[in-house]
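Worksheet for the structure shown next.
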Amino acid sequence: MYDFNILANRDQLADTISGAIANLQTTQNRHGAWEECFDTGVMSDAQTVISLYLLGVSNRQWTDPILHRIESSQRENGSWGVYPGDEGDLSTTVECYYALALKGRWASRPCQQALAKNFIRRRGGLHQCRNLTKMFLAVGGEIPWSWLPSPKTYSWFFAKFTPVHIWNVVMFTRLHIPPMLVLSSKRYVSEFVSELVLQDLLHRRSQTASTTSPTKEWGRWTRGRMTRCLQMMLAEREMDGTAAGYHSSTFLLLLALRALGYPTSSSEIQKPLQAMRRNLYELDGRSVVAHQQTCNAHVWNTALALQAFEEAGVGKDSVVLRKGISYLLSRQHSGVGDWLMKSEVQPGGWGFSSNNTLHPDTDDTVSSLKALYPLAHEHREVWSRGVKWLLAMQNNDGGWSAFEKDSHHQWLEWIPANDMRRSMTDPSTADITGRVIEFLIRCRVVPLDDDIIQRGLRWLIQHQENNGSWFGRWGSTYLYGSWCAVRALAAAEISSTHSVLAKTKKWILSVQNRDGGFGESCESDIKGKYVPLEPGTPTQTAWGLDTILNLMEVEESRREWLRLSRAAHAAAEWLLKSAEFGAWCEEYPTGSAFPGALHIRYHIYPKVWPLMALCHYQRVMESTVGEGR
Numbered sequence: 001m002y003d004f005n006i007l008a009n010r011d012q013l014a015d016t017i018s019g020a021i022a023n024l025q026t027t028q029n030r031h032g033a034w035e036e037c038f039d040t041g042v043m044s045d046a047q048t049v050i051s052l053y054l055l056g057v058s059n060r061q062w063t064d065p066i067l068h069r070i071e072s073s074q075r076e077n078g079s080w081g082v083y084p085g086d087e088g089d090l091s092t093t094v095e096c097y098y099a100l101a102l103k104g105r106w107a108s109r110p111c112q113q114a115l116a117k118n119f120i121r122r123r124g125g126l127h128q129c130r131n132l133t134k135m136f137l138a139v140g141g142e143i144p145w146s147w148l149p150s151p152k153t154y155s156w157f158f159a160k161f162t163p164v165h166i167w168n169v170v171m172f173t174r175l176h177i178p179p180m181l182v183l184s185s186k187r188y189v190s191e192f193v194s195e196l197v198l199q200d201l202l203h204r205r206s207q208t209a210s211t212t213s214p215t216k217e218w219g220r221w222t223r224g225r226m227t228r229c230l231q232m233m234l235a236e237r238e239m240d241g242t243a244a245g246y247h248s249s250t251f252l253l254l255l256a257l258r259a260l261g262y263p264t265s266s267s268e269i270q271k272p273l274q275a276m277r278r279n280l281y282e283l284d285g286r287s288v289v290a291h292q293q294t295c296n297a298h299v300w301n302t303a304l305a306l307q308a309f310e311e312a313g314v315g316k317d318s319v320v321l322r323k324g325i326s327y328l329l330s331r332q333h334s335g336v337g338d339w340l341m342k343s344e345v346q347p348g349g350w351g352f353s354s355n356n357t358l359h360p361d362t363d364d365t366v367s368s369l370k371a372l373y374p375l376a377h378e379h380r381e382v383w384s385r386g387v388k389w390l391l392a393m394q395n396n397d398g399g400w401s402a403f404e405k406d407s408h409h410q411w412l413e414w415i416p417a418n419d420m421r422r423s424m425t426d427p428s429t430a431d432i433t434g435r436v437i438e439f440l441i442r443c444r445v446v447p448l449d450d451d452i453i454q455r456g457l458r459w460l461i462q463h464q465e466n467n468g469s470w471f472g473r474w475g476s477t478y479l480y481g482s483w484c485a486v487r488a489l490a491a492a493e494i495s496s497t498h499s500v501l502a503k504t505k506k507w508i509l510s511v512q513n514r515d516g517g518f519g520e521s522c523e524s525d526i527k528g529k530y531v532p533l534e535p536g537t538p539t540q541t542a543w544g545l546d547t548i549l550n551l552m553e554v555e556e557s558r559r560e561w562l563r564l565s566r567a568a569h570a571a572a573e574w575l576l577k578s579a580e581f582g583a584w585c586e587e588y589p590t591g592s593a594f595p596g597a598l599h600i601r602y603h604i605y606p607k608v609w610p611l612m613a614l615c616h617y618q619r620v621m622e623s624t625v626g627e628g629r
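Numbering (the UniProt record's numbering), first residue to last: 1 to 629.
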């Protein structure tokens, strides 16, 4: 029998798990949800300050805490970045510089201003920014509209006869295109601009921003499509007036409504502004420093927290569990969202945020269903509708994607006007597919030999990287994708002798840090290959540990099992040593959205993933000791 060193310190393990449960429980709100921050960095902070200025809204209680965060986040080289350790990002730096300039915040910081200017100039200036940044600059009159792609580039999405329609673009981009098309077609410049503050960053030949109106010929040609843009924008609004609760699509929507003649005082603008204000997250608890969340993550947070409690053995009659499940029940979609407009499938999925009622996604649906599983028999109708929606989202290739079904027009990513990677389509991914398959098997939704599962497994196996890992779309990156895939394959009882798991085992052991932890840089997502991060992070170490535990559960060789167990002990010890009273500190983003442009730090992740991994570790090791392996 292998000496488990008392389960990597049995008492410390039990105390850490107990402390983590208590810590997680204290942050549940009175409605049963968890409201931890969805932190996408300073990009959304700067865009909020800029948008409010362009809409003529002055609210220092809203903007001052955001501006404090922007100021405190500036790097020594004058830039702002999208993840710790990067060299700075031009678009993010320009947006932060612009926000501070509009509010007169540079007067007391001349040295930092000079550094920021130098960084912007060295990186090519305003002309090299991403199109979304240039959209805000053009509405502010700082750059000419001619710097942006012609509206004709996207207007054909709204033509009556076109091979690819606006509905072929993934939802989170689709919501941005109509307002951007309206703004660029009208070459709108906000009436609230009192002065230009970026002119010293322009080249001399382009110092005067163009405010020329579109030609009459263009106006006649686009009138019908402009009408369809307006109809789509209004139809796609949530009940609170936002565009799926996203800050950027909502602010672009409001600016487009201004361009179309809606006054700022109208309910069409004021109502969504109030909703955006509710997404301001106090980072210090004193309203001094705050982050404007891209949207809130209440549904995702709550589903994960409930799964953590269930993994920890909290009984289904627990008050905290019952309250959380009641919250999830209240957030199941019952209306017809935009995907459902193209389908006969009845609604039943879940969205990411509390105010998302029209745009369900696969990941939140499967996560909510996993959380509901212990009480599925009490909520058969909810469970049935959710499962039917989830199964209907399987793509023709056998995998699952996040928001769309069969979003396979990959050539859309190569449209010259698209300067954001993975922003136009929504193909099947290993992380989403793995999570769905594992759920379907472990929660006994369909039999293992069902074609739904077999097609999904084939897709996973076919999309393994040559080195044995899998690419994860929504987490960072190869650790996340591999973890999701391995959980599915282990649930399917794929033999450890199968080449797919043999390669994975070799890979996961090769990327474990010497101290036992796991860490992967956001740079992996940019370079398309695994880039290690030392020291590791609690979240990624939890994913690595859980990957190893799943491999152990299907391992047939005693020698290999012992090798895996040593790696599991090292990862568990790392988590135990890095915890303080059941809490882990994590500053590094472990979520992914757009490589090199938007990386995500979920504040709830270090509260749930280490807890779940340690509970799994405890269960596997105790059962192994009992078996005398």
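Beta carbons are placed, not taken as given, at the ideal position from N, Cα and C, and that holds for glycine.
What runs of the alpha helix (DSSP H), each 4 residues or longer, lie entirely inside the region 521-556?
523-527 and 538-554
How long is the line joining the alpha carbons of A430 and E438, rounded to whole angstroms?
12 Å
What does the Cβ neighbour count give for C111, buried or exposed, with the cut at 16 atoms within 10 Å?
C111 is exposed by the Cβ-count criterion.
Proximal residues to C129 (C-beta, below 8 Å), its chain only, five neighbours per side dropped
L90, S91, V94 and L137
Would you decide whether R278 is buried or exposed? Buried here means 16 or more other CB atoms lie within 10 Å of its CB.
exposed
With DSSP run on the structure shown, which of helix, strand or coil describes residue 630?
With the chain covering 1 to 629 only, the question about residue 630 has no answer from this structure.
So the alpha helix (DSSP H) G434 belongs to, where does it begin and stop?
Counting along the chain, the alpha helix (DSSP H) containing G434 begins and ends at A430 to R442.
Cβ-Cβ distance between A243 and L132 below 8 Å:
no
Among R121, L551 and V169, which has the Cα closest to the Cα of R422?
V169
Quick test of your reading: residue 630 and W543, contact by CB under 8 Å. State the CB separation rounded to the nearest angstrom.
Look at the range of the chain in this structure, 1 to 629, and you will see that residue 630 is not part of it.
Contacts around S287, its chain only, beta-carbon distance under 8 Å, and the 5 residues preceding and following it disregarded
Closer than 8 Å at Cβ, skipping near neighbours: Q61 and P65.
Check whether L13 and L614 have beta carbons under 8 Å apart:
yes
Rounded C-alpha distance that separates A491 from W34:
The alpha-carbon atoms of A491 and W34 are separated by roughly 29 Å.
Give every residue of the same chain whose Cβ lies closer than 7 Å to the Cβ of V486, excluding the five residues on either side of it in the sequence, and list them in chain order.
Here the set comprises T504, T547, N550 and L551.
Per DSSP, what kind of secondary structure is A138 in: helix, strand or coil?
helix
Runs of 4 residues minimum, wholly inside the region 307-340: which ones carry the alpha helix (DSSP H) assignment?
319-330
Just tell me which of A570, F594 and W584 has its CA closest to the CA of N9.
A570
Between which two residues does the beta strand (DSSP E) containing E282 stretch?
L280 to E282
Which same chain residues end up closer than 7 Å to E555 when comparing Cβ atoms and leaving out the 5 residues on each side of it in sequence?
S496, W561 and L564
Is the separation between the beta-carbon of H383 and that of G349 shorter than 8 Å?
As written in the sequence, residue 383 is Trp, which differs from the His given in the question. The answer is no: Cβ separation not under 8 Å.
How is the beta strand (DSSP E) around H291 delimited, first residue to last?
A290 to Q292
Less than 7 Å separating the Cβ of Q454 from some heavy atom of the ligand SAH?
The ligand SAH is not part of the structure shown, which contains no ligands of any sort.
Grab the span of the beta strand (DSSP E) containing G594 for me, first residue to last.
Just to set this straight, residue 594 is Phe in the shown sequence, not Gly. Where F594 is concerned, the enclosing beta strand (DSSP E) stretches over G591 to F594.
DSSP state of W350, grouped into three classes?
In the structure shown, W350 sits in a strand (DSSP, three-state: E or B).
Buried or exposed: which applies to D200, given that a residue is buried once 16 or more other Cβ atoms fall within 10 Å of its Cβ?
exposed
Integer Cβ distance of I17 from A312, believed to fall under 8 Å
6 Å
Can you tell me which of S330, R458, L372 and V446 puts its alpha carbon nearest to the alpha carbon of N395?
R458
Quick one: give me the first and last residue of the alpha helix (DSSP H) that I600 is part of.
Unbroken run through I600 is the beta strand (DSSP E), L598 to Y602; no alpha helix (DSSP H).
For S210, does the three-state DSSP call read helix, strand or coil?
Any reading at S210 needs caution, since the residue's pLDDT is 48, under 50, leaving its predicted position unreliable; the model's value is listed next. Reduced to three states, the DSSP call for S210 is coil.
Expressed to the nearest angstrom, what Euclidean distance is found between the alpha-carbon atoms of F157 and R331?
32 Å
Pull up the distance between the alpha-carbon of S476 and that of P589, whole angstroms please.
8 Å
Closer than 8 Å is the cut-off here; do at least three beta carbon pairs connect the region 256-273 with the region 20-40?
No, because fewer than three Cβ pairs between the region 256-273 and the region 20-40 fall closer than 8 Å, the two stretches do not touch.
Using a Cβ-Cβ cutoff of less than 8 Å, which residues in the same chain neighbour V197 once the five nearest sequence positions on both sides are dropped?
Y98, A101, L102 and E142
In the DSSP output, which residue or residues are listed as bridge partners for W145?
Answer by DSSP bridge pairing: none, since W145 is not bridged.
Pull up the DSSP beta-bridge partners for W34, would you.
DSSP output for W34 lists Q28 as bridge partner(s).
Presumed contact (8 Å Cβ cut-off) between H359 and S44, rounded CB distance:
At roughly 18 Å, the Cβ-Cβ gap does not stay under 8 Å, so H359 and S44 are not in contact.
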